[in-house]
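Start counting at 1 in the sequence shown, then tack on 180, and there's your number in the numbering used here. For each residue, glycine too, the CB sits at the ideal point set by N, CA and C. These notes are about the structure you will find just below.
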Amino acid sequence: MILTSDPDFWRAQLGRPVLERLGVAPAEVLAYVASVNASQQINQQASQQGSQQSDPALVASPEAVVLAADFLADVQDAMAEMPPSLLKLLARPLLGVYFARGLGSSALTDVVMAPDGQQLGVVCLMDTDAFLHRAANDWATWKEYTPFLPQEQYRIDVVIETPDNDNRKNAIQFILLHEFGHVLNANSEYLPDWWIGSKRFKSTEEYSYLSLAWQIAMSGDVIPLLRNDFPQRKHLRFYTGDQLPGELIPEIYQDLQKTSFPTLYAATNVYDDFADGFASYVHEVIQQRPFEICIRQGEQTIMELRDYWSGPKAKTRASVFAGIFADA
Ligand SMILES: [Zn+2]
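What follows is the structure in structure tokens.
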């Protein structure tokens, strides 16, 4: 939660068209991120207990960046090409998408509060270094490798775009869809609000998305239902943190296929279940784009994951996401 000293700045953002709510991160946001980074080591799964929805990548103190015109154009196009119904849903909560370097995360999303306690909306911050030079398939493949130590035995290839559309703009679009999933989680009945603290969480059944695959333990921790857990799940760290031996890749993806999670990242915590599920739902179901993971051992394909959303496991999640757009 970001406590602002300048609520009028944020109110003014809400008065602008959604596609114009972006730019260099304001100083008070960078100061907030620096103080969070200093007080807690953001190195793994901050989203489970932390004060922000963070997709970790780097640990450093944040600094403002001057955005290159071609980069800004890619961000604007990435947003403009999203479903109009999604842009409409974002109009109320989204304070903007802001950019910095050295965030301590590749991206993070958090709520902004006025000094009087009024919630102003939700802001997304993105680290420009994390994806500045990557096209969509390269970025998606790189991300999927991040939980594993480098090795030669297994290869993971992720395809989220056809060759014609395999560009940086579409990498940015998928990352933004994930962050917008976090934005739409705020003040919803899908999941607990991440900033209120687990003592104020309601019971499992009162959250329509959480209860599909998770439960709130007596401790307040959100843990997967037994059928959605697997031995290496809690050791998975995307972007940064301790990596697992690459030899575990086939076992982990086999175990993933027995669960109902839409992606491996979704299996790491309930907030990224929602955000990554949302991103892949919009990408595959609404935008009709590919999402395929191929695992190879040498030249031999040993596993292919595709068409999650047309399978029976996706039904309940799909109906939650369809419901979001039905209300738009
Ligand atoms: Zn996330």
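At the C-beta level, Arg314 and Arg476 stay beyond 8 Å of one another. Counting only runs that start and end inside the stretch 386 to 431, the beta strand (DSSP E) elements of at least 3 residues fall at 394 to 396, 402 to 404. Counting every other CB atom within 10 Å of its CB across the protein chains shown gives Arg196 a total below 16, marking it as exposed. By the criterion of a C-beta distance shorter than 7 Å, Ala260 is surrounded in its chain by Leu199, once the five residues flanking it on both sides are discounted. Pairing Glu427 with Phe501, the inter-Cα distance amounts to about 35 Å. Restricting attention to Leu392, Asn350, Ala205, the CA atom closest to the CA of Val255 is found in Asn350. A straight line joining the alpha-carbon of Gln333 with that of Phe354 spans about 28 Å.
Non-local C-beta neighbours of Glu472 in its own chain, meaning closer than 6 Å and more than five positions away in sequence, comprise Val339, Arg486, ordered along the chain.
Asp186 and Asp296 have their alpha carbons spaced roughly 11 Å apart.
Residue pairing from DSSP places Thr481 in a beta bridge opposite Arg476.
In the assembly as shown, Ala316 is a buried residue. Its beta-carbon has 16 or more other beta-carbons within 10 Å. Boundaries of the beta strand (DSSP E) around Val204: 202 to 204. Within a 10 Å sphere around the beta-carbon of Ala218 sit fewer than 16 other beta-carbons, which makes this residue exposed. With respect to Leu202, Tyr278 sits close: the two C-beta atoms are nearer than 8 Å.
Contact annotation: Ser378 and Glu385 have beta-carbon atoms that are not nearer than 8 Å. For Asp507, the closest alpha carbon among the candidates Ile352, Asp250, Leu270, Val216 is that of Leu270. Linking Val302 to Glu324 through their CA atoms gives a straight-line distance of about 27 Å. Restricting attention to Gln437, Val402, Val450, Pro343, the CA atom closest to the CA of Gly361 is found in Val450.
Taking Asn365 as reference, the option from Ile429, Ala214, Ser388, Gln468 with the minimal CA-CA separation is Ser388.
Not one heavy atom of ligand 1 lies closer than 7 Å to the C-beta of His415.
Counting other Cβ atoms within 10 Å of its Cβ, Gly276 reaches 16 or more and is therefore classed as buried. Taking C-beta atoms as the reference points, Arg191 and Leu305 fail to come closer than 8 Å.
Boundaries of the alpha helix (DSSP H) harbouring Gln256: 249 to 260, taken from the DSSP string.
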